[in-house]
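In my numbering, the protein residues as written are 38 to 176.
For glycine and all other residues, C-beta sits at the position ideal for the given N, C-alpha and C.
Everything numeric in this text was worked out from a predicted model, so none of it was measured.
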């Protein structure tokens with residue numbers, strides 16, 4: 038899910054000693070991105086199918102910019118125990134994403150190593166914010 042961006046709290050005190058506090062959620066540079074499926078639904082986990090998953094099986098995700106300004110180009114990184122089993126086949130995320138738009142990433146599941154479930158994460162990062170989704174496939 039979403040990598041947290043901290044809130045900012047502002048407390049003001051007037052000359053008479055009265056104070057008030059406001060909490061604001063930050064959207065850095067008007068950009069906010071989310072990894073979603075191709076239908077636009079939130080995507081906490083992308084599951085490669087069928088099980089077992091053949092080598093070279095592909096699947097697509099989208100990186101949405103729900104902010105009010107264009108993002109920088111997206112950087113994708115893979116992490117976790119079996120990160121080497123997942124890679125990017127194609128992407129149009131190498132350019133900035135316009136506000137309210139998305140780019141598409143085609144992922145590949147590579148069946149290396151011992152048989153069994155393979156898990157990893159993919160993180161999409163732009164200047165100021167990022168989002169992460171889990172990946173699973175079975176050799």
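Distance between residue 137 and residue 112, taken at the CA atoms: about 18 Å. The beta carbons of residue 104 and residue 79 sit about 16 Å from each other, so the pair does not count as a contact at 8 Å. A residue is called buried when at least 16 other Cβ atoms come within 10 angstroms of its Cβ; residue 76 does not meet this threshold and is exposed. Within the DSSP secondary-structure output, residue 72 pairs in a beta bridge with 100.
One Cα belongs to residue 89, the other to residue 155, and the distance between them is close to 11 Å. If you ignore the 5 residues before and after residue 107, its C-beta comes within less than 7 Å of the C-beta of 133, 134, 135 and 136, all in its own chain and listed in chain order.
Buried is the label assigned to residue 162, since at least 16 other Cβ atoms lie within 10 Å of its Cβ. Residue 150 and residue 84 have their C-alpha atoms spaced approximately 18 Å apart. Cβ-Cβ separation between residue 115 and residue 73: approximately 18 Å, too far for a contact (criterion under 8 Å).
In the displayed model, residue 121 falls within a helix according to three-state DSSP. As the crow flies, the alpha-carbon of residue 94 is around 16 Å from that of residue 119. Counting only the Cα atoms, residue 82 lies some 13 Å from residue 99. In summary, residue 173 is buried, with 16 or more beta-carbon neighbours lying within 10 Å of its beta-carbon over all protein chains present.
According to the DSSP secondary-structure assignment, residue 166 is paired through a beta bridge with 163. Within the model, the alpha-carbon separation for residue 86 versus residue 170 is close to 16 Å.
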